[in-house]
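Colleague: Listed in order, the protein sequences are those of chains A and B. Just so we're aligned: the first sequence equals residues 1 to 265 in the UniProt record's numbering. Just so we're aligned: the second sequence equals residues 1 to 265 in the UniProt record's numbering.
There are 2 protein chains.
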Amino acid sequence: MLACMSTQSTGRGEPDRTLRLLWRDRLGDPVGSRGPKQRLNVDSVVDAAIELADDEGVEALSMRRIAERLGLKTMSVYTYVPGKAELIDLMVDRVAGEQALPELEGSLRERLAQIAHLAWNEYLRHPWLLSIDTSRPPLGPNVSDRWEWSLRAIDGLGLSDLDMDQVVTLITGYVSGPARAYLDAERLHRAVAETDEQWWERNAPILEEIMDSSRYPISGRVGTAAGEEYGSASDPERSFRFGLERVIDGIEVYVRERTTPSAAS
Amino acid sequence: MLACMSTQSTGRGEPDRTLRLLWRDRLGDPVGSRGPKQRLNVDSVVDAAIELADDEGVEALSMRRIAERLGLKTMSVYTYVPGKAELIDLMVDRVAGEQALPELEGSLRERLAQIAHLAWNEYLRHPWLLSIDTSRPPLGPNVSDRWEWSLRAIDGLGLSDLDMDQVVTLITGYVSGPARAYLDAERLHRAVAETDEQWWERNAPILEEIMDSSRYPISGRVGTAAGEEYGSASDPERSFRFGLERVIDGIEVYVRERTTPSAAS
DNA sequence: TACATTCTCCGTATGGTGTACGGTTAACGC
DNA sequence: GCGTTAACCGTACACCATACGGAGAATGTA
Numbered sequence: 001m002l003a004c005m006s007t008q009s010t011g012r013g014e015p016d017r018t019l020r021l022l023w024r025d026r027l028g029d030p031v032g033s034r035g036p037k038q039r040l041n042v043d044s045v046v047d048a049a050i051e052l053a054d055d056e057g058v059e060a061l062s063m064r065r066i067a068e069r070l071g072l073k074t075m076s077v078y079t080y081v082p083g084k085a086e087l088i089d090l091m092v093d094r095v096a097g098e099q100a101l102p103e104l105e106g107s108l109r110e111r112l113a114q115i116a117h118l119a120w121n122e123y124l125r126h127p128w129l130l131s132i133d134t135s136r137p138p139l140g141p142n143v144s145d146r147w148e149w150s151l152r153a154i155d156g157l158g159l160s161d162l163d164m165d166q167v168v169t170l171i172t173g174y175v176s177g178p179a180r181a182y183l184d185a186e187r188l189h190r191a192v193a194e195t196d197e198q199w200w201e202r203n204a205p206i207l208e209e210i211m212d213s214s215r216y217p218i219s220g221r222v223g224t225a226a227g228e229e230y231g232s233a234s235d236p237e238r239s240f241r242f243g244l245e246r247v248i249d250g251i252e253v254y255v256r257e258r259t260t261p262s263a264a265s
Numbered sequence: 001m002l003a004c005m006s007t008q009s010t011g012r013g014e015p016d017r018t019l020r021l022l023w024r025d026r027l028g029d030p031v032g033s034r035g036p037k038q039r040l041n042v043d044s045v046v047d048a049a050i051e052l053a054d055d056e057g058v059e060a061l062s063m064r065r066i067a068e069r070l071g072l073k074t075m076s077v078y079t080y081v082p083g084k085a086e087l088i089d090l091m092v093d094r095v096a097g098e099q100a101l102p103e104l105e106g107s108l109r110e111r112l113a114q115i116a117h118l119a120w121n122e123y124l125r126h127p128w129l130l131s132i133d134t135s136r137p138p139l140g141p142n143v144s145d146r147w148e149w150s151l152r153a154i155d156g157l158g159l160s161d162l163d164m165d166q167v168v169t170l171i172t173g174y175v176s177g178p179a180r181a182y183l184d185a186e187r188l189h190r191a192v193a194e195t196d197e198q199w200w201e202r203n204a205p206i207l208e209e210i211m212d213s214s215r216y217p218i219s220g221r222v223g224t225a226a227g228e229e230y231g232s233a234s235d236p237e238r239s240f241r242f243g244l245e246r247v248i249d250g251i252e253v254y255v256r257e258r259t260t261p262s263a264a265s
């Protein structure tokens, strides 16, 4: 039976192989040194997968293609990794460790901004992160380290444990929105050429019929502005920073409320 | 050649068939009444697909299974819809129209909360929305109506067009985070039974070795709190509301700064 | 009424996917 | 040297989206 496994729990035999793999540096591989040695190692497999996803997009990420890159045949990949879902977990944890976690210093605002910028950079480097199912992030060392580091940034402010969790989720979750926008704009820019012109030529009549400005007065106005801004190679990173300021403002308001119990709205 | 199309542009022949389909109610189908009538219609196909995704998850969503539900053979589905990517666009726009857009009234805070709650409800009803690639949302009537409605909620506040776009993106983007958390907790709850106990039994030794509280002091504390809160059937909707208040606070701060040009931090 | 046209439905086929299973062979422990 | 073990991989299976072309129904036209 070929079960349709969604993201987890492939490690049927041994107690969770995925966890063991994620923490393979800390826990040594329980390598029974009996048979022939592996030519490669888990890291090279993960690296190849990341490179492939970076180069050709997440839709090109297949076990066959990964094997190709490694000079292996498809099924050999499975001697390194239990399956594709687990491999993706490893990829996510791996890229989470690419950037060193800087010392947390400065104001709360600056520390929160550091958290956001780390995530921002990660999305720009590895756009496929936006296209994979990130429910249930893998509990690997890098993801865990970063979570701890993020929590440390807001520790000791008088927030409850649950609030702290919420705040970090909020700030990291925020980033994906503008990151998507940024990458979309970039992709658009690359794909433009004349294909774009043709697209508009074909669709202009339909769009005009549909988007009569009586139905969408504000969208029309805003869309035009956004199009000009993003289209003409402006700085979409500015948008990221804008939203970030809003989010941080909101958090600061909350922290202040908690700290100075004067006016409870 | 089987091109690997990502989400768009399948409408090769006619000027964008996807748009025509999305707006099929407004623009009448250009139905050449020559051959036999279609037994079904586009809406029933979209409905079947949504039901399937609701019932069995996004991984079960295949053209074959959809055809099955409709009493058709696989390839007949393609007479209604150009391909799977386009069908998903139609699904997204369809569920965007399920909830009537309420009158926008009350304070800015209340209006922003309305926007967020609309998205929140949608995610809870259709969890698969969190698992599909939502870069480039389809420009269908319901998505467009809702965008316009959202912009209207913050129009006339003195924000620039770009800022308005940002604010709506921010508030709707925020929701996906807690929605994911909510649905994860729910799924966990359902899958618990005794499988959970076994999972812990198997993994406890590994987890203990890894998660020694010296390395993750804060995560340990916070994780426990979150686990107790979510695990013991508390109200995760509260978390959603918490973050929402923060985001709205941040937006209010910004609006106030713009409106009363006194202290520019 | 007859014919040509057109469009639905679908059988078949192609090239992709993840991965189960079993075989071959290389490397080690005894 | 021999038995055990594990890496590598050939083959096969179930499933996927979808291109292509044929059968037959419904219509417009002659």
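Using N, Cα and C, we set each Cβ at its ideal position, and we do this for glycine too.
Looking at chain A, which residues of the region 157 to 172 of chain B have a Cβ within less than 9 Å of any of its Cβ atoms?
Modeller: Answer set for the region 157 to 172 of chain B: 160, 161, 162, 163, 164, 165, 166, 167, 168, 169, 170 and 172.
Colleague: Assuming residue 22(A) contacts residue 207(A) under a Cβ cut-off of 8 Å, what Cβ separation, rounded to an integer in Å, is found between them?
Modeller: By one-based count along the first sequence, residue 22(A) stands at place 22. By one-based count along the first sequence, residue 207(A) stands at place 207. 48 Å between Cβ atoms; not a contact.
Colleague: Are the CB atoms of residue 226(A) and residue 175(A) within a distance shorter than 7 Å?
Modeller: Taking the first residue of the first sequence as position 1, residue 175(A) is located at position 175. Taking the first residue of the first sequence as position 1, residue 226(A) is located at position 226. No; because the gap between Cβ atoms is not below 7 Å, this pair is not in contact.
Colleague: What in chain A is Cβ-close to residue 92(B), meaning under 7 Å?
Modeller: Numbered from its first residue, the second sequence carries residue 92(B) at position 92. Per Cβ cutoff of 7 Å: no residues; residue 92(B) is ~15 Å from chain A at best.
Colleague: Under three-state DSSP, which class holds residue 250(A)?
Modeller: Taking the first sequence and counting its residues from 1, the one referred to as residue 250(A) is at position 250. Here residue 250(A) sits in helix by DSSP.
Colleague: Run down chain B in chain order and give the residues with a C-beta less than 8 Å from the C-beta of residue 266(A).
Modeller: This structure cannot speak to residue 266(A), because chain A is shown only from 1 to 265.
Colleague: Thinking residue 209(B) and residue 27(A) are a contact (beta carbons under 8 Å), I'd like their distance in whole angstroms, please.
Modeller: The sequence position of residue 209(B) within the second sequence is 209, counting from 1. The sequence position of residue 27(A) within the first sequence is 27, counting from 1. Right, the Cβ-Cβ distance comes to about 7 Å (below 8 Å), so this counts as a contact.
Colleague: Quick one: does residue 88(A) have its CB under 7 Å from some CB of chain B?
Modeller: Your numbering for residue 88(A) matches position 88 in the first sequence. Not an interface residue.
Colleague: If we cut at 7 Å on Cβ distances, does residue 151(B) have a partner in chain A?
Modeller: Taking the second sequence and counting its residues from 1, one reaches residue 151(B) at position 151. Residue 151(B) counts as touching chain A.
Colleague: Starting from residue 81(B), find everything on chain A with Cβ-Cβ shorter than 7 Å and list it in chain order.
Modeller: Taking the second sequence and counting its residues from 1, one reaches residue 81(B) at position 81. In chain order: nothing, as chain A lies at least about 18 Å away.
Colleague: List, from N- to C-terminal side, the alpha helix (DSSP H) runs of 4 residues or more that fit wholly inside the region 89 to 165 of chain B.
Modeller: The region 89 to 165 of chain B contains these whole alpha helix (DSSP H) runs: 108 to 125 and 141 to 153.
Colleague: Who are the near neighbours of residue 79(B) in its chain, counting only those whose CB is closer than 8 Å to its CB and skipping five residues on each side?
Modeller: Against the second sequence, residue 79(B) aligns to sequence position 79. Within the same chain, residue 79(B) has close Cβ partners 38.
Colleague: In the region 13 to 29 of chain A, which residues sit with their C-beta less than 8 Å from some C-beta in chain B, listed in chain order?
Modeller: Within the region 13 to 29 of chain A, the residues whose Cβ lies closer than 8 Å to some Cβ of chain B are 15, 16, 19, 20, 23, 26 and 27, listed in chain order.
Colleague: Hey, how far is the Cα of residue 43(B) from the Cα of residue 36(B)?
Modeller: Numbered from 1 along the second sequence, position 43 holds the residue referred to as residue 43(B). Numbered from 1 along the second sequence, position 36 holds the residue referred to as residue 36(B). About 19 Å.
Colleague: Three-state secondary structure (DSSP) at residue 173(B)?
Modeller: Here residue 173(B) refers to the residue found at position 173 when the second sequence is read from its first residue. It is helical.
Colleague: Does the beta-carbon of residue 249(A) have 16 or more other beta-carbons within 10 angstroms, so that it is buried, or is it exposed?
Modeller: Here residue 249(A) corresponds to residue number 249 of the first sequence, with the count starting at 1. Burial call: buried.
Colleague: Sort 93(A), 64(A), 65(A) and 54(A) by Cα distance to residue 24(A) and report the nearest one.
Modeller: Here the question's residue 24(A) lines up with position 24 in the first sequence. Minimum Cα distance to residue 24(A) is reached at 93(A).
Colleague: Should residue 55(A) be labelled buried (16 or more other beta-carbon atoms within 10 Å of its own) or exposed?
Modeller: Start at 1 with the first residue of the first sequence, and residue 55(A) comes out as number 55. Under this definition residue 55(A) is an exposed residue.
Colleague: Can you list, in chain order, the residues of its chain whose CB lies under 7 Å from that of residue 194(B), leaving out five sequence neighbours each side?
Modeller: Here residue 194(B) is taken as the residue at index 194 of the second sequence, counted from 1. Any answer about residue 194(B) is weak, because its pLDDT of 46 lies below 50 and its placement is not dependable; what the coordinates show is given next. Nothing meets the Cβ criterion.
Colleague: Assign residue 180(B) to one of two classes, buried (16 or more other C-beta atoms within 10 Å of its C-beta) or exposed (fewer than that).
Modeller: Taking the second sequence and counting its residues from 1, one reaches residue 180(B) at position 180. By the 10 Å Cβ count, residue 180(B) comes out buried.
Colleague: Rounded to whole angstroms, what is the Cα-Cα separation between residue 155(B) and residue 129(B)?
Modeller: Here residue 155(B) corresponds to residue number 155 of the second sequence, with the count starting at 1. Here residue 129(B) corresponds to residue number 129 of the second sequence, with the count starting at 1. Those two C-alpha atoms are separated by around 28 Å.
Colleague: Who are the near neighbours of residue 158(A) in its chain, counting only those whose CB is closer than 8 Å to its CB and skipping five residues on each side?
Modeller: Residue mapping note: residue 158(A) aligns to position 158 of the first sequence, counting from 1. 255, 258 and 259.
Colleague: Given residue 246(B), which residues of its chain have a CB within under 6 Å of its CB, disregarding the five upstream and five downstream residues?
Modeller: Your numbering for residue 246(B) matches position 246 in the second sequence. For residue 246(B), where only same-chain residues beyond five positions count, there are no Cβ hits under 6 Å.
Colleague: If you measure from the beta carbon of residue 246(B) to each beta carbon in chain A, is any gap under 7 Å?
Modeller: The residue labelled residue 246(B) in the question sits at position 246 within the second sequence. With 7 Å as the cut-off, residue 246(B) counts as an interface residue toward chain A.
Colleague: Residue 253(B) touches chain A at which residues, Cβ-Cβ below 8 Å?
Modeller: As a first step, residue 253(B) must be located in the second sequence, where it is residue number 253. Chain A residues near residue 253(B): 246, 249, 250 and 253.
Colleague: With a threshold of 7 Å between beta carbons, is residue 240(A) in contact with chain B?
Modeller: Looking up residue 240(A) in the first sequence gives position 240. Answer no: the Cβ-Cβ gap between residue 240(A) and chain B never drops below 7 Å.
Colleague: If you compare alpha carbons, which of 172(B), 162(B), 124(B) and 161(B) is closest to residue 143(B)?
Modeller: Taking the second sequence and counting its residues from 1, the one referred to as residue 143(B) is at position 143. When only C-alpha atoms are compared, the closest one is 172(B).
Colleague: Do you know offhand how far residue 29(B)'s Cα is from residue 63(B)'s?
Modeller: Counting from one through the second sequence, the residue named residue 29(B) turns up at place 29. Counting from one through the second sequence, the residue named residue 63(B) turns up at place 63. Using only the alpha carbons, I get a separation of about 23 Å.
Colleague: What's the C-alpha gap between residue 90(A) and residue 45(A)?
Modeller: Here the question's residue 90(A) lines up with position 90 in the first sequence. Here the question's residue 45(A) lines up with position 45 in the first sequence. Going from the Cα of residue 90(A) to the Cα of residue 45(A) covers about 10 Å.
Colleague: Could you tell me the distance, in whole angstroms, from the CA atom of residue 237(B) to the CA atom of residue 182(B)?
Modeller: Walking along the second sequence from the start, residue 237(B) turns up at place 237. Walking along the second sequence from the start, residue 182(B) turns up at place 182. Roughly 7 Å separates the two Cα atoms.
Colleague: Within the continuous alpha helix (DSSP H) that includes residue 65(A), where are the two ends?
Modeller: As a working mapping, residue 65(A) is identified with position 65 in the first sequence. Counting along the chain, the alpha helix (DSSP H) containing residue 65(A) begins and ends at 63 to 70.
Colleague: Kindly indicate if chain A contains any beta-carbon less than 7 Å away from that of residue 128(B).
Modeller: As a working note, residue 128(B) is residue 128 in the second sequence. Closer than 7 Å: no.
Colleague: Judging by CA-CA distance, which residue of 214(A), 104(A) and 96(A) is the nearest neighbour of residue 124(A)?
Modeller: The residue labelled residue 124(A) in the question sits at position 124 within the first sequence. Cα-wise, what sits closest to residue 124(A) is 96(A).
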